[in-house]
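Residue numbers (full-length UniProt numbering), protein chains in the order written: chain W, 1 to 415; chain Y, 1 to 415; chain L, 1 to 415; chain G, 1 to 415. Just so you know, even glycine gets a beta-carbon here, dropped at the ideal spot from N, CA and C. Small disclaimer: the values here were computed from a predicted structure and weren't measured.
4 protein chains.
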Amino acid sequence: MTQPTPSSSPTDVSPPAGATAGTRLPPLAQVPPQVHQLDDYAALAEPRMAPDAWAHVNGVAGAGITAQANRAAYARWWVLPRVLQPLADASTAVTLLGQRLAHPFVLAPVAYQRLAHPQGELASAEAAMALGGGCVVSTQASETLEDVARAARRGLGWPESPGAQTVHGGEAASNQPGMPWFQIYFQRELADTLDLVRRAEHAGYTALVVTVDAPLKLRRGFVLPPDVDAANLRQHTRMQDPVPSLADSPLFSHPLLAAAPGWADVAWLRAHTTLPIYLKGILTAHDARLALEQGIDGLIVSNHGGRVQDGLPPTLAMLPAVVQAVRDWAQAQGTRCPPVLVDGGIRSGTDAFKAICLGASAVLIGRPYIHALATAGALGVAHAIHLLRAELELCMATAGCAQLAQAGPHLLMPA
Amino acid sequence: MTQPTPSSSPTDVSPPAGATAGTRLPPLAQVPPQVHQLDDYAALAEPRMAPDAWAHVNGVAGAGITAQANRAAYARWWVLPRVLQPLADASTAVTLLGQRLAHPFVLAPVAYQRLAHPQGELASAEAAMALGGGCVVSTQASETLEDVARAARRGLGWPESPGAQTVHGGEAASNQPGMPWFQIYFQRELADTLDLVRRAEHAGYTALVVTVDAPLKLRRGFVLPPDVDAANLRQHTRMQDPVPSLADSPLFSHPLLAAAPGWADVAWLRAHTTLPIYLKGILTAHDARLALEQGIDGLIVSNHGGRVQDGLPPTLAMLPAVVQAVRDWAQAQGTRCPPVLVDGGIRSGTDAFKAICLGASAVLIGRPYIHALATAGALGVAHAIHLLRAELELCMATAGCAQLAQAGPHLLMPA
Amino acid sequence: MTQPTPSSSPTDVSPPAGATAGTRLPPLAQVPPQVHQLDDYAALAEPRMAPDAWAHVNGVAGAGITAQANRAAYARWWVLPRVLQPLADASTAVTLLGQRLAHPFVLAPVAYQRLAHPQGELASAEAAMALGGGCVVSTQASETLEDVARAARRGLGWPESPGAQTVHGGEAASNQPGMPWFQIYFQRELADTLDLVRRAEHAGYTALVVTVDAPLKLRRGFVLPPDVDAANLRQHTRMQDPVPSLADSPLFSHPLLAAAPGWADVAWLRAHTTLPIYLKGILTAHDARLALEQGIDGLIVSNHGGRVQDGLPPTLAMLPAVVQAVRDWAQAQGTRCPPVLVDGGIRSGTDAFKAICLGASAVLIGRPYIHALATAGALGVAHAIHLLRAELELCMATAGCAQLAQAGPHLLMPA
Amino acid sequence: MTQPTPSSSPTDVSPPAGATAGTRLPPLAQVPPQVHQLDDYAALAEPRMAPDAWAHVNGVAGAGITAQANRAAYARWWVLPRVLQPLADASTAVTLLGQRLAHPFVLAPVAYQRLAHPQGELASAEAAMALGGGCVVSTQASETLEDVARAARRGLGWPESPGAQTVHGGEAASNQPGMPWFQIYFQRELADTLDLVRRAEHAGYTALVVTVDAPLKLRRGFVLPPDVDAANLRQHTRMQDPVPSLADSPLFSHPLLAAAPGWADVAWLRAHTTLPIYLKGILTAHDARLALEQGIDGLIVSNHGGRVQDGLPPTLAMLPAVVQAVRDWAQAQGTRCPPVLVDGGIRSGTDAFKAICLGASAVLIGRPYIHALATAGALGVAHAIHLLRAELELCMATAGCAQLAQAGPHLLMPA
């Protein structure tokens, strides 16, 4: 099976070419005191990235309506307080398919992080692990998945080579912290996809995240600088895509369209690995049910941060129906409820608390941690996660909610 | 029968007079890389048009509430994705009264296109045809309908003189591409109207579009430059309208008001041509039913882009009820459902997809293609259409919708 | 009976004092071509008025929420078109208590119009009459009511002294054009109020308009320039209001509060004149019924343009319930339905059409005609009215509504 | 019992350190004529405060959504007028637990008022008393509660030492004006809390206000200038809080968290004083019932002005359900209804009237009076209260409501 171009590189990057670096400021060695909120990192990050890389990281599809709606959806809910509640054993911990995180913040897969900082994915993965959270490494990482795994082990305080501590996501190793997850785009050649899976398994990744919300793409013209590439795909065959004429069908006439990934490919992947698989890019109960029927272990409600298709609904608005479908399915099957994560527009611990009240098991953070990475490397990312956790704890305290398992819609009110 | 002034020239242009050209930039020979969306053409077009022509093309009635609402109506709907669906035979093609278009984008009738580019309607018609879409040529075109027809034939790759390929809109010639449609304003003299119809038939136009939403007008003072005129109306009688005093009724006292076009005139036109007739400017189910009872073949839901009367409802909001009325009528008659097109506020392929999900057979684009025309002539118009089609294909892929006939409200969600 | 200060001078003007005129531009002798809408007058008027007078005329109470809401209420309704309807005998005429106006635009009572133009109320009244509309002259006019009546007669093309043409509002003189109405604030001394009524009757005014929505006031500090005063009140006693200390009740401790006008005063006025009486400042069905029970002939739904109390509901939102109450009352009484006028936020003929569809008999225009007056005197006011009428006619034509008596909620749709 | 840091100093001030005063303007000796509304004080206050103190006073949590929503909630209600009603005995007086105020405006507890003006709490308390209103003195006042009590007695025109006039909140002294209330944060050491209570009782405060909506806090970095401190807490033990590392739980790992105040502490306080106790920071009917069951005498619906936790609902939206719960409880108990006050976003007398219509007994003003204090000391505060009272009186007059006991939801309409 071969896969069409579009899904093999949805962030739309042409082969190495020159890109001017401009007068970028260097990363900071410590976090400046004026950073009180996640959003405060943007102004610090922008002068530390090349303009086109900055535009690429923060880019949105179309008029950005979906990207805006993702954020606005959080303002549609109020948190209801409960005063004077006991908080002695309060904790932000969550357990995802047997992997225990100290808090529900997971770094979303973002490509080419060396665009933001010289240490790229090494820095963000180490920081995420050091803070006891989760991390999804992109197929299109600018560091090899093996190098990122080593950095992650450093963050966990583990020896650099995999050993007994590795958590493979099964029940056996449950309730322990664990390594990052690896994100998969189906490659043109099935062998290339399988190779990525085997490498991820070998390096100790604890789950696969298959992104399914970028079936085709429109060219936008961002060109990678010479020192940044898709490190994991160096040995894969690159085909030159035909350039369509104005009169041609821009996407539907693509020769490889007939081989775009489908549900059968998901089933194939499920049959070829024992790692837990998350599907990322599910927005409807309909697709959630299809995914579970294919043996998918968890879902990530996502619209790709509004980067791929404008006009998709905000993720928080879709979350409750997906959660309901998953719970109904689990009840009908008599199994434990698969985790449902959500991303898009989360900018504070309060946002995370709202998502969890509406059924999320954990949340993914995207652009904001790249801003923190560009600002101060691993330290910035760690601080950003710390900030989110602090806000979450304050919000839980305000709501009188000592454990996230107690969070629910009864602690919210529509605005 | 004579017709009052207002409807014979609703774009409100006084006889030739001097207009300063300023320091207009020349049109570009290719589309600059920063054009990623239709709206990106506006900034390129403005310095390439005379200020008063620019203001005229982009003008709106009143406070522009209707013009704004036309666009905002599209943001009230989200597209629901379906992931991992087969797209092997995906196509954007639509068939309108037996005329097959490669995609549902039709250029709306816009007057005096030489205000935007020296080749005016010749360029836009040729581009529309070359890209397999539709085009409506205005009564008030600044090129003769015969010249525009020749340009259209070039776009289709046909010989310049009409022959066997001409599609007259009947069943006989169904499922073939075809020539533009000609837009009709009822003229003061019925003979003049009939003359336009006969010329359009002879030149190979495949349908008539009767604009009925501009019954009267208020003067606004735009004056055509000396090299631009209503080419199709050169031989028509021009009467000098009386200038009312402040104390007079501004419109209702007009001597010709009693002869404003009515439904009887539509019936007369229906009886005098075998070309399919679209009525443009229908917003209500009530008027839709009246139109169908007069033998009208198709409807265009339009408020004239908010140019004539502010305070009219946005077209997308009115579309579903008009579509329902047309479907009910067709079912009661036992006939095939007449096409319902829509214009106003469409700025992306996603917008078009939403309109089609809500029942539109195709969509018309107005001001934005004039911006593309001013920027880069036929190439600009072709690129603008290509962009819309690419966005539509991406949106269809996201929605898992391989054919527009499968589009429907189940793929949308109210925002 | 004496009346407290507040209601005798709600526009809050201290006795004559110096006010700097600045570098005011002179009024124009003709209307510039860029005036396409009523709002276009504001920019022309501002440099033609003293800054404090400009601020006074355009002032709003509090945060201006009510003033904004008055305008915004009109954008909540769409006009539904009816295409191709007969308009041969179309007319904007309305009949109010037997007085026939060529159109439904009435100039609202605005104090001290010499602040805007040297001819003040003389200019606006003459223009209103010349254009066949209505006009309400303020108690606090800066020209005497007798002089304004003479100007109005000139506008009507009548001899300067009252004679047979005078319409007193009864059935006898019905369906004729007529003189302005006179606005009444209850004065401190009942004799002063009665004196105003008798003068208005004698000068030929055809109705009284009692403003009841300004029971008390807060001082704002605008000081009249030396050449402008309340011409009608020159012979009235002026009492010096006590200045309360900070610790006192600001309004409720006022010595004259006990004598604020009440429904009994309205009954007294009804008993002392045969002129029709409108009550201005009614917003609820409750107060509408009370007014009709006192023998009031017509109502003006008004919140004083948001000038007196912020937080009052927008007038258009209150109109339908008031109209319903009036219709129910008329039906129960077996009488003809008293007219209900509305003001606040009307800036176009389309706005007026919407109000009329929702039950208004006519509409009052306030600040905008003062802008036109400042710009070009009587000519400006006449042009402003002409503009409104032209927009109303276009809107009626669009809606296929040839007579205002046919307007109704079926021609509107909530936005 | 000891209490954790967070609740002992929720305004987050580190021990004395240097803070630059910049070029602050001196306070004014009289209120400038351009102050027409409460909001007008902000522009005058800003240059009279150190930038960081200004930022601290006006600071909001997170993105400020709750702070904005507090204000916006008032615009969601219109006041319904009743014209021509009798106002002879109109009064703004309210009685709260037997303490009669001339009007319902109470100064909210704000810490460190010497940041705004050299006389700090002395000025605001004296002004509040002189105008017959209420005042809550903060635990974190920058003047001792004894000194503030003396200033309050001056404002009341009483001798400086407490005597027979002191109102202790019981029925015996009902319907008299009275001294301020004292706000309590539970201190780390229970003995310290009890010491504050005894001092407040001794100094003549008439009620305690326990703030319960700031369970934990995030550090923000404002540092007090050397001449401002928490005057009431000088003798209390200050512990150095441990600084958590990035990887630690920011709040939940705090060693003192287990001892955060709970309902048992409220019961303890109730048992140790005979002063009436208000709980401040209640937002839900659920917590309102719990409070009443602990013997709490009154509630203050508050979200701390949006300063502590963003995402809490606006207070006005929560008020009706709290009021209903309190009324239901009182009816079930057969007792008089405890007072429910509200703060957050009130900027005018009209806002106060709306809150009272929705069930509030009185309202608290926070930041705006600090602006008035910074502008002109006690005179500014007095003028601000006078302004609010004047607006309330005008609003009551417009609504035809002569007594606040007659105010109710029938005088409002949802916007």
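Sixteen is the threshold: since fewer than 16 other Cβ atoms of the shown chains lie within 10 Å of the Cβ of Glu293 of chain W, the residue is exposed. Taking 8 angstroms as the upper bound for CB-CB distance, Gly64 of chain G and Asp343 of chain G are not in contact here, some 16 angstroms apart. Counting the other Cβ atoms within 10 Å of the Cβ of Asp227 of chain L gives fewer than 16, which makes it exposed. Across the structure, Met396 of chain G and Val243 of chain L are spaced so that their CA atoms are roughly 21 angstroms apart. When CB distances to chain Y are screened at a threshold of 8 angstroms, not a single residue of the region 33-60 of chain W falls below it. Interface criterion met: the Cβ of Leu283 of chain W is under 8 angstroms from a Cβ in chain Y. Inclusion of Ala399 of chain Y and Leu411 of chain Y in the CB contact set at 8 angstroms is warranted, their separation being smaller than that value.
With a cutoff of 8 angstroms on beta-carbon distance, Tyr205 of chain L and Ala267 of chain L are scored as not near each other.
Of the candidates Y:Leu233, Y:Ala50, Y:Val94, the residue whose Cα lies closest to the Cα of Leu341 of chain Y is Y:Val94. Contact annotation for Glu121 of chain Y against chain W: no contact, minimum CB-CB distance about 19 angstroms [criterion: below 9 angstroms]. C-alpha of Gln99 of chain Y to C-alpha of Ile356 of chain L: approximately 46 angstroms in a straight line. Taken through DSSP and simplified to helix, strand or coil, Thr375 of chain W comes out as helix.
In terms of Cβ geometry, Asp213 of chain L and His304 of chain L form a close pair [threshold 8 angstroms]. Under DSSP, Thr211 of chain Y forms a beta bridge with Y:Lys280. Around the Cβ of Thr237 of chain L, a 10 Å sphere holds fewer than 16 other Cβ atoms; the residue is exposed. Met413 of chain Y reaches chain W at Pro313, counting residues in chain order whose Cβ is nearer than 8 angstroms.
Residue-level contact by beta carbon fails for Thr66 of chain Y and chain W, as no gap is shorter than 8 angstroms. Taking 7 angstroms as the Cβ-Cβ cut-off, the region 257-275 of chain W approaches chain Y at Leu257, Ala258, Ala260, Pro261, Gly262, Trp263, Val266, given in chain order. Chain Y places a beta carbon closer than 8 angstroms to that of Val212 of chain W, counting this residue as a contact. With a threshold of 16 other beta carbon atoms within 10 Å, His272 of chain W falls short and is exposed. For the pair Gln30 of chain Y and Leu373 of chain Y, the CB atoms are not nearer than the 8 angstroms cut-off. Taking all protein chains shown into account, Ser302 of chain W has 16 or more neighbouring C-beta atoms within 10 Å of its C-beta and is therefore buried.
Residue-level contact check: Phe252 of chain L touches chain G, since one or more beta carbons of chain G fall below 8 angstroms from its beta carbon.
Under the criterion of beta carbons closer than 8 angstroms, Ala90 of chain Y and Ala402 of chain Y qualify as touching, at roughly 4 angstroms.
For Gly155 of chain W, the enclosing alpha helix (DSSP H) starts and ends at 145-156.
At the C-beta level, Leu312 of chain L and Thr66 of chain L come within 8 angstroms of one another. Assigned with DSSP and collapsed to three states, Ile346 of chain L falls in coil, not helix or strand. Residue environment for Ser245 of chain G: exposed (fewer than 16 other C-beta atoms within 10 angstroms of its C-beta). Of all C-beta pairs linking the region 177-189 of chain Y to the region 130-141 of chain Y, three or more are shorter than 8 angstroms, placing the two stretches in contact.
Taking a C-beta distance under 8 angstroms as the contact criterion, Thr284 of chain Y and Pro81 of chain L qualify as a contact pair. For the 8 angstroms CB-CB criterion, Leu251 of chain W and Leu394 of chain Y form a contact. When 9 angstroms is used as the limit between beta carbons, Cys357 of chain L is near no residue of chain Y, the shortest such separation being about 11 angstroms. Neighbours of Asp310 of chain G across chain W, judged by C-beta separation under 7 angstroms: Thr350.
Among the residues facing chain W, Leu246 of chain G is included, as its CB has a counterpart in that chain under 8 angstroms away. Just so you know, the alpha carbons of Val223 of chain Y and Leu358 of chain Y end up roughly 39 angstroms apart.
Residue state for Leu275 of chain W is assigned as coil, using DSSP reduced to three classes.
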